[in-house]
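In this note's numbering, the protein residues as written are 298 to 578. A short worksheet on the structure shown next.
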Amino acid sequence: MKFYRSKFFIICAVLAVLLTVIPSALSLFGYGDLLRGALKTVAKPFEWCASKAGDAVDGFVSVFTGYDELKEENERLKEELSELEDEKHENEVLTEENTWLKTYLKIKTDHPALLMTDATIISRQSGNYATVLTLNRGSINGVKRNMPVITADGVFGYVSEVSLDSCKVVSLVETASSLSAYTDRGNVVGVVEGDSVLREDGICKMTYIDASADIKIGDKVYTGGNGKIYPPGLLIGEVTHIEADEYSRTLIASVKPAVDFENISSESRVMIITGYVTEDK
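The structure is reproduced here in structure tokens:
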């Protein structure tokens, strides 16, 4: 009962009566149009607010709709890019394999008696020049100690250690390396071996050259095949310097290997000579 006697209830009741009586009275006296005009004027701000609110809701919805569309397009473009990258990688691999096969076939053509297995470098000695490598071929692949190792450019070195699935290779420029050699022009013979000083520059030397030998800078040097490791006719490198040895009265030539030891990496591929083709009698 207290509620019906409260000021709030009385004010609401009076307003209700006024809102009911006044429009009716104005209509009876012919002022209905005036009332409707007034109500429209009063309602315009509310209509404008409602319109803007509707536009805001529509814009809000369109933003999220556009976001979803952009997200879908982004995912589609990512998939297309990934497919293109995969295709590019496959093409690069195929090109590399094709180049490798051409190189392999050329070596087989030049040296048909050689039996070879390809290998990949899995680690290398630290420093400016990779003179000791570890390959992914071992005894399980038929690899043995003292087998020659070559690249597409020429002689790299020989197998010094073998495990079940890997092997270590010592290069031409190491002091442990020594092999018989000859030059293509003048047929000068000697021994190519590693030198502790020259090794720092990726160079080896050719010793025991006769003092009267016809040897010049630029001459190509090949394996002589007189030792137990290397077959004859494999390219070693090129003569870059010649000097006389006063004590032995012979000549010493610096030889730059055909293999670029400075740029040997895990992407380089080498071949291990595992044997030689023999003719059946």
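Note that beta-carbon positions come from the ideal geometry of N, C-alpha and C, so glycine has one too.
**Message:** Does residue 618 come out as helix, strand or coil in the three-state DSSP assignment?
**Reply:** There is no way to answer for residue 618, as the model of the chain reaches only from 298 to 578.
**Item:** Beta-carbon spacing of residue 442, residue 414 below 9 Å
**Value:** no
**Asked** Who does residue 516 pair with in a DSSP beta bridge?
**Response** Bridge partners of residue 516: none, in fact.
**Request:** Answer yes or no: do residue 471 and residue 537 have a C-beta to C-beta separation smaller than 9 Å?
**Result:** no
**Message:** Any contact between the stretch 503-510 and the stretch 538-554? By contact I mean 3 or more CB pairs, one from each, below 8 Å.
**Reply:** yes
**Neighbour-count burial assignment, residue 463, 16 or more Cβ in a 10 Å radius** = buried
**Message:** Out of 483, 528, 446, which one is the CA nearest neighbour of residue 465?
**Reply:** 446
**Message:** DSSP three-state label for residue 496, please.
**Reply:** helix
**Item:** For residue 448, the nearest candidate out of 373, 525, 404 (CA to CA)
**Value:** 404
**Message:** Please report the distance separating the alpha-carbon of residue 542 from that of residue 478.
**Reply:** 18 Å
**Message:** What does the alpha-carbon distance come out to for the pair residue 562 and residue 431?
**Reply:** 11 Å
**Request:** Within the same chain, show all residues whose beta-carbon is closer than 6 Å to that of residue 460, passing over the 5 residues directly before and after it, in chain order.
**Result:** 435
**Request:** Using three-state DSSP, classify residue 340 as helix, strand or coil.
**Result:** No answer about residue 340 holds up, because its pLDDT of 49 lies below 50 and its placement is not dependable.
**Request:** Determine the direct distance from the alpha carbon of residue 467 to that of residue 498, and round the result to whole angstroms.
**Result:** 16 Å
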